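The sequence shown begins at 0 in numbering that gives the first Met the number 0 and counts up one residue at a time.
Accompanying notes for the structure given below.
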Amino acid sequence: MQGTVDGFTYGLVTPVAAFFMAALGAALGLRCTTRSLHTTRSCRIGWLALGSLSIGSGVWTMHFIAMTGFTVREAPISYDKTLTFAGLAVAVVMIGIGIFIVGYRGATRMALITGGTITGLGIASMHYLGMAGMRMAAHLAYDTPLVVLSVLIAGVAATGALWAAVTLRGALSGLGASVLMAVAVTGMHYTGMAALDVHLHLPPTLPADLADVLPRDRPAEIIGPMLAGPACFLLLAAVVLLFDPRAMTGEPAPNPRAGHRPRSMVREGAARARYR
């Protein structure tokens, strides 16, 4: 029996909220990646790790916000905790590998293609691992061409976002890179959902009340992961803003050896010139 699937149960609320969270995570993560290029090698690891945690958490949170709008009329949905949190780990690790390649190799063509591909695969892996963690009285089947398209969307858009983050400068370019990364995540998600078919496992004779044969929903397993993601965002944003406000603007740290003089020295020099 084919399930009645609705991916937009709450209208545009869940897609817009999911896109916003993906963009927020991408903004912080890509800015950390950019900041790593203007710091010492010993500090670069920390910035890149913070960036991968941010983007990975954003992808994961976006997925579960979007999934609150996904329902199957005949089958309540719950989630396996192990696979749910494994998706977060996979996203952080694979996205981390991608941005570490770009962070250490720079904006070379090979580094961007390799890093963007791995980042895109991390986004796709998290999505399909999260789908595998769904528990309902049904069998999930996927349309292969749409699955391939979803992975391509993630890879291409992630590559473009990394290129913009490490090549372009300024607030607008950073915003554009964040939006592009959010497009990669949400576009991949909803393309993957369009590839899904749900085949219900029901007895030959249906009772009057489907609740007699279908498992009960467990909302705590859905709410928990959604709360954990935003909490990570708040913590990461607070750490970045507290310890290095320049990370939000992308400005490199001043370097006295490169001819930079403090403002007080400039004023003293001007005063001496006037009294000569």
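No residue lacks a Cβ here, since even glycine has one placed at the ideal position from N, Cα and C.
Nothing here was measured: the structure is a model prediction, and the numbers come from that model.
For the 8 Å CB-CB criterion, G121 and V89 form a contact. The C-beta distance from L36 to G102 rounds to 7 Å, short enough to meet the 8 Å contact threshold. The C-beta separation of D79 from G132 comes to about 4 Å, placing the pair in contact by the 8 Å criterion. T185 and A21 have their C-alpha atoms spaced approximately 8 Å apart. Here DSSP, grouped into helix, strand and coil, assigns L128 to helix. Comparing alpha carbon positions, the residue from F69, I112, S124, R43 closest to T83 is S124.
When beta bridges are read from the DSSP output, A137 appears opposite L199. In the three-state reduction of the DSSP assignment, T38 falls in the coil class, being assigned neither a helical nor a strand state.
A residue is called buried once 16 or more other Cβ atoms fall within 10 Å of its Cβ, and R40, having fewer, is exposed. Linking V12 to M109 through their CA atoms gives a straight-line distance of about 39 Å. With contacts defined as CB atoms closer than 8 Å, F69 and M187 fail to qualify as a contacting pair.
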